[in-house]
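Protein chains in written order, with the UniProt record's numbering: chain A, 1 to 246; chain V, 1 to 372.
Shown next, in structure tokens, is the structure this report addresses.
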Amino acid sequence: MENVVIKTDKLTKRFGDFIAANEITFEVKKGEIFGFLGANGAGKTTAMRMLCGLSMPSSGTATIAGFNVYKQTEDIKRNIGYMSQKFSLYEDLTVLENIRFFGGIYGLSNRELKSKGEELVEQLGLQKEAKKLVQALPLGWKQKLSFSVAVLHQPKIVFLDEPTGGVDPVTRRQFWDLIYEASAKGITIFVTTHYMDEAEYCDRLSIMVDGKIEALDSPANLKKQFKAASMDDVFYQLARGAKRSD
Amino acid sequence: MRTIRFLLEKEFRQIFRNRAILLMIIVMPTIQLIILPLAANYEVKNINLSVVDHDHSGYAQKLISKVTASGYFKLTGYNVSFKEGMKLIEADEADLILEIPQDFERNLVREDQQQLFIAVNAINGVKANLGGAYLGSIIRDFNKEIRSELLPISRFNGAAGIELTSSNRYNPFMQYKFFMVPGIMAILVTMVGGFLSALNIVKEKEFGTIEQINVTPIRKHHFILGKLIPFWALGNVVFTIGLLVSWLIYGIVPVGNLLVLYFFASVFLLAILGFGLLISTFCDTQQQAMFIMFFFMMIFILMGGLFTPIDSMPEWAKVLSRFNPVSYMIAVMRMVILKGSGFKDILPQLGTMALFALVLNTWAVINYKKRN
Ligand SMILES: Nc1ncnc2c1ncn2[C@@H]1O[C@H](COP(=O)(O)OP(=O)(O)OP(=O)(O)O)[C@@H](O)[C@H]1O
Ligand SMILES: [Mg+2]
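This is how it looks when you write it as structure tokens:
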């Protein structure tokens with residue numbers, strides 16, 4: 001199927017006896033904004049790291065952008081962008097230097113690097129901060145920068161792990177503007193969040209509980225299915241039964 | 001290749017922004033090179049010597065004046081009996097007793113052989129033992145002089161030649177400094193290179209930045225090269241500073257070729273950096289890496305022949321030292337700087353070091369996992 005860009009089948013990750021991600025099976029279609037919900041410790045980051053080729057699955061299979069998660073990790077990496085839960089750009093480099101470095105690693109030409117750099121700085125409104133060290137930026141701006149770096153090389157899919165964690169409401173709105181913009185360009189968005197208003201922005205959602213995917217549908221259908229007034233309610237009904245909490 | 005350029009650009013930017021590292025690279029070696037050779041100087045002066053002379057011959061007189069002329073001994077008793085000498089030692093007034101037996105001169109001339117007796121005060125063991133060693137070499141030299149006097153047509157033809165070797169030998173201070181400085185230079189390069197590389201990748205792990213790298217299609221050997229090259233350059237800077245300091249402060253100019261010296265140091269750096277990077281790939285925190293590197297550094301340095309010659313180590317230690325890259329570095333530094341050894345002379349060490357570099361770096365590349 002041309003249209004499916006992420007397909008997993010019983011993908012599992014064990015840490016010793018502990019099963020962090022338990023036989024998760026789902027599909028994500030091209031161009032979708034796919035929300036990956038779950039309480040703390042549910043296994044979202046674990047699952048996402050497997051999909052990005054950062055963590056070796058214990059069992060099960062997955063195909064990302066048409067490539068096998070066991071054998072073709074480097075092909076996968078050429079086609080995805082990743083923004084980790086923990087800020088992981090270089091704090092001791094400037095905004096422009098980070099853009100240049102990661103763009104360079106992804107193989108952008110010098111011309112692209114220059115134009116992309118300027119374009120991003122403008123898009124993020126970081127003109128004044130472009131030559132400042134990243135460590136001096138407030139968290140919200142850092143997060144926006146990380147996102148921009150993750151989509152610098154125009155990947156097919158971008159994985160965002162709690163991109164708006166700890167960010168103020170205004171910046172969160174701006175962040176989602178960036179996500180929509182990327183989505184409009186045809187990039188598939190795979191995003192985790194703890195904010196239910198953000199969940200409503202997604203085309204489809206999965207909700208993980210204790211390592212398993214317990215529900216998967218559009219926000220409207222999920223509300224119907226759980227006879228809930230809001231996504232908050234849906235999430236609460238599912239997560240209430242969770243045994244794990246960090 | 002382009003990837004490596006971006007890696008280098010980034011790494012150098014980070015290094016030049018990090019004051020602490022720059023300070024460590026420039027100031028630390030300079031200070032250590034100034035202080036260590038002085039502090040680690042075993043020279044002992046004013047060794048109190050008592051002479052028990054049973055012979056009172058011309059040669060005995062000659063020997064005694066030669067000993068006192070060396071400048072390291074102070075005669076605290078002359079013409080004493082052995083018993084009196086022992087009393088002086090007990091009172092801590094003498095460190096050494098030199099006993100010249102009766103018929104010293106006669107036996108020396110006729111039988112070409114004579115024994116001397118040295119008693120050492122073991123309370124201040126270092127002083128007395130070193131004194132004993134000095135005394136031993138003075139006596140050996142004295143013996144040579146006598147022999148060349150007695151056998152005019154001998155191999156020791158040039159009297160000046162004897163003087164020359166003896167003047168070096170009797171200058172333990174000079175010898176010690178010359179001996180120590182190249183060794184300490186080797187250690188500095190080792191420490192700076194080893195620790196910088198061991199802490200670097202692991203720092204990226206701690207800060208999480210390595211995740212952002214690992215999620216790119218970067219090639220593993222590019223990543224390792226991107227770490228290796230900047231530290232290699234820094235190591236050469238440290239080495240150059242070391243050479244400058246030892247020239248400016250100690251007047252030590254390498255007898256051998258500078259190119260040979262740099263070539264070996266460069267290969268050595270690749271090996272020690274590879275080792276550091278390897279440790280870095282095994283560890284998760286800077287603390288772990290620090291402890292592990294420290295463990296190896298202690299062994300490398302203490303068993304590298306800086307203080308204790310490897311020749312005088314037990315057999316198992318000698319075998320171990322063959323796997324110690326630092327021991328090769330110290331040896332080659334001394335060979336090239338002091339003896340003027342050339343490219344051919346250091347070829348065996350160079351080969352071994354190149355092998356170390358290759359194995360360690362390959363291992364680091366293999367052990368660096370983009371996915372765990
Ligand atoms: N390397 C690891 N070794 C052992 N256990 C781990 C490891 N990584 C994660 N875990 C455990 O796996 C479970 C899932 O962790 P994960 O980080 O995937 O959760 P999450 O859904 O991303 O949570 P959060 O919302 O807090 O980010 C947690 O209980 C965590 O303690
Ligand atoms: Mg997480």
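In this text, a Cβ means the ideal position worked out from N, Cα and C, and glycines have one as well.
Keep in mind the model is a prediction, meaning the values are calculated, not measured.
Discussion item. Once DSSP output is grouped into helix, strand and coil, what is the label at V:Asn143?
Written reply: The count along the second sequence starts at 1 and reaches residue 143 of chain V at position 143. Helix.
Fill in: Short-range partners of chain V found in the region 58-85 of chain A, where Cβ spacing is below 7 Å
Thr73, Glu74, Lys77, Arg78, Tyr82 and Ser84
Worksheet item: According to the Cβ coordinates, are V:Phe104 and V:Asp55 closer than 8 Å?
Response: Here the question's residue 104 of chain V lines up with position 104 in the second sequence. Here the question's residue 55 of chain V lines up with position 55 in the second sequence. Yes; because the gap between Cβ atoms is below 8 Å, this pair is in contact.
Item to complete: Name, please, each residue of chain A whose Cβ falls closer than 7 Å to the Cβ of V:Pro230.
Response: Here residue 230 of chain V refers to the residue found at position 230 when the second sequence is read from its first residue. The contacting residues do not exist; V:Pro230 stays about 14 Å from chain A at best.
Worksheet item: For A:Ala21, which beta-bridge partners are listed by DSSP?
Response: Walking along the first sequence from the start, residue 21 of chain A turns up at place 21. Answer by DSSP bridge pairing, in chain order: A:Lys13.
Worksheet item: Roughly how many whole angstroms lie between the Cα atoms of V:Ser312 and V:Thr68?
Response: As a working note, residue 312 of chain V is residue 312 in the second sequence. As a working note, residue 68 of chain V is residue 68 in the second sequence. Cα to Cα, the separation comes out at about 30 Å.
Worksheet entry | Contacts of V:Asn372 in chain A (Cβ-Cβ under 8 Å) | Within the second sequence, the letter at position 372 stands for residue 372 of chain V. The answer, in chain order, is Leu54, Ser55 and Met56.
Worksheet item: In chain order, what residues of the same chain have a beta carbon less than 8 Å from the beta carbon of A:Glu214, not counting five sequence neighbours either side?
Response: Along the first sequence, one-based indexing puts residue 214 of chain A at 214. Around A:Glu214: Ile207, Met208 and Leu238.
Discussion item. Please classify V:Thr308 as buried or exposed, where buried requires at least 16 other C-beta atoms within 10 Å of its C-beta.
Written reply: In the second sequence, the residue the question calls residue 308 of chain V occupies position 308. V:Thr308 is exposed by the Cβ-count criterion.
Item to complete: Taking only beta carbons into account, state which residues of the region 12-23 of chain V come closer than 8 Å to chain A, listed in chain order.
Response: Arg13, Gln14, Arg17 and Asn18
Worksheet item: Does any residue of chain A bring its CB to less than 8 Å from the CB of V:Phe6?
Response: The residue you call residue 6 of chain V lines up with position 6 of the second sequence. Judged by the 8 Å Cβ criterion, V:Phe6 is in contact with chain A.
Fill in: alpha helix (DSSP H) runs wholly inside the region 32-95 of chain V, at least 4 long, in chain order
58-69 and 82-90
Discussion item. Let me see if you follow: with CB-CB separation under 8 Å, is V:Val192 close to chain A or not?
Written reply: By 1-based counting over the second sequence, the position of residue 192 of chain V is 192. No, no contact with chain A.
Worksheet entry | Chain-order list of residues whose beta-carbon lies under 7 Å from that of V:Ile252 (same chain, five-residue window excluded) | By 1-based counting over the second sequence, the position of residue 252 of chain V is 252. The residues are Phe178, Val181, Ser246 and Ile337.
Practice prompt. For the alpha helix (DSSP H) containing A:Glu91, list its first residue and its last residue.
Written response: Position 91 of the first sequence, counted from the start, is the residue given in the question as residue 91 of chain A. From DSSP, A:Glu91 is part of no alpha helix (DSSP H); its letter is neither H nor E.
Worksheet item: Should V:Lys10 be counted as a contact of ligand 2 given a C-beta to heavy atom distance under 7 Å?
Response: Position 10 of the second sequence, counting from 1, holds the residue named residue 10 of chain V. Checking the Cβ of V:Lys10 against ligand 2 gives no.
Item to complete: Output the boundary residues of the alpha helix (DSSP H) element that contains A:Leu37.
Response: Stepping through the first sequence from its first residue, residue 37 of chain A is reached at position 37. Run containing A:Leu37: none in the alpha helix (DSSP H); it sits in the beta strand (DSSP E), Ile33 to Gly38.
Item to complete: Mind checking who V:Ile118 pairs with in its DSSP beta bridge?
Response: Numbered from its first residue, the second sequence carries residue 118 of chain V at position 118. Per DSSP, V:Leu98.
Practice prompt. Can you grab the Cα-Cα spacing for the pair A:Asp9 / V:Gln212, in whole Å?
Written response: Within the first sequence, residue 9 of chain A is the residue found at index 9, counting from 1. Within the second sequence, residue 212 of chain V is the residue found at index 212, counting from 1. Straight-line Cα distance between these residues: approximately 26 Å.
Discussion item. Quick check for students: name the residue ranges of the beta strand (DSSP E) that lie wholly in the region 111-166 of chain A, counting only runs of 3 or more.
Written reply: 157-161
Item to complete: Pick helix, strand or coil for A:Val4, following the three-state DSSP scheme.
Response: Stepping through the first sequence from its first residue, residue 4 of chain A is reached at position 4. Strand, per DSSP.
Worksheet entry | Residue-chain proximity (A:Phe101, chain V), Cβ-Cβ < 8 Å | Here residue 101 of chain A is taken as the residue at index 101 of the first sequence, counted from 1. Output row for A:Phe101: interface = yes.
Discussion item. Can you check whether the C-beta of V:Ile218 is within less than 8 Å of a C-beta belonging to chain A?
Written reply: By 1-based counting over the second sequence, the position of residue 218 of chain V is 218. Interface residue, yes.
Discussion item. Only counting the same chain, and skipping five residues up and downstream in sequence, which positions put a Cβ closer than 6 Å to that of A:Phe226?
Written reply: Sequence index remark: in the first sequence, residue 226 of chain A carries index 226 (1-based). Val234 and Gln237, listed in sequence order.
Worksheet item: Three-state secondary structure (DSSP) at V:Arg334?
Response: Here residue 334 of chain V is taken as the residue at index 334 of the second sequence, counted from 1. Note: V:Arg334 maps to helix in three-state DSSP.
Fill in: Interface flag, V:Lys10 vs chain A, CB-CB below 8 Å
The residue given as residue 10 of chain V occupies position 10 in the second sequence. Yes, its Cβ sits closer than 8 Å to a Cβ of chain A.
Worksheet item: For A:Ala42, which of helix, strand or coil comes out of DSSP?
Response: Looking up residue 42 of chain A in the first sequence gives position 42. A:Ala42 falls in the coil class under three-state DSSP.
Discussion item. Could you compute how far the alpha carbon of A:His153 sits from the alpha carbon of A:Lys144?
Written reply: For this step, residue 153 of chain A is matched to residue 153 along the first sequence. For this step, residue 144 of chain A is matched to residue 144 along the first sequence. Going by the C-alpha atoms only, they are around 16 Å apart.
Fill in: Neighbour flag for A:Glu97 against chain V, beta carbons, 8 Å
Position 97 of the first sequence, counting from 1, holds the residue named residue 97 of chain A. Yes, its Cβ sits closer than 8 Å to a Cβ of chain V.
Fill in: A:Leu216 in three-state terms, based on DSSP
Counting from one through the first sequence, the residue named residue 216 of chain A turns up at place 216. Correct three-state label for A:Leu216: strand.
Worksheet item: V:Leu269 and V:Gly235: beta carbons closer than 8 Å?
Response: Along the second sequence, read from residue 1 onward, the residue named residue 269 of chain V stands at position 269. Along the second sequence, read from residue 1 onward, the residue named residue 235 of chain V stands at position 235. Yes, the pair counts as a contact, with Cβ atoms nearer than the cut-off.
Discussion item. My output table needs one value for A:Tyr82: the three-state DSSP class, helix, strand or coil.
Written reply: Counting from 1 along the first sequence, the entry for residue 82 of chain A is found at position 82. Strand at A:Tyr82.
Practice prompt. Indicate the three-state DSSP secondary structure (helix, strand or coil) for V:Lys344 in the structure shown.
Written response: Residue 344 of chain V sits at position 344 when you count from the first residue of the second sequence. It is coil, neither helix nor strand.
Worksheet item: Is the region 51-67 of chain A touching the region 110-118 of chain A in the sense that three or more CB pairs, one from each, lie closer than 8 Å?
Response: no
Fill in: Short CB-CB distance (under 8 Å) between A:Ser88 and chain V
For the purposes of this step, residue 88 of chain A is taken as the residue at position 88 of the first sequence. Closer than 8 Å: yes.
Worksheet entry | A:Lys44 CB to nearest heavy atom of ligand 2 below 7 Å | Counted from its first residue, the first sequence places residue 44 of chain A at position 44. Flag set: Cβ of A:Lys44 near ligand 2.
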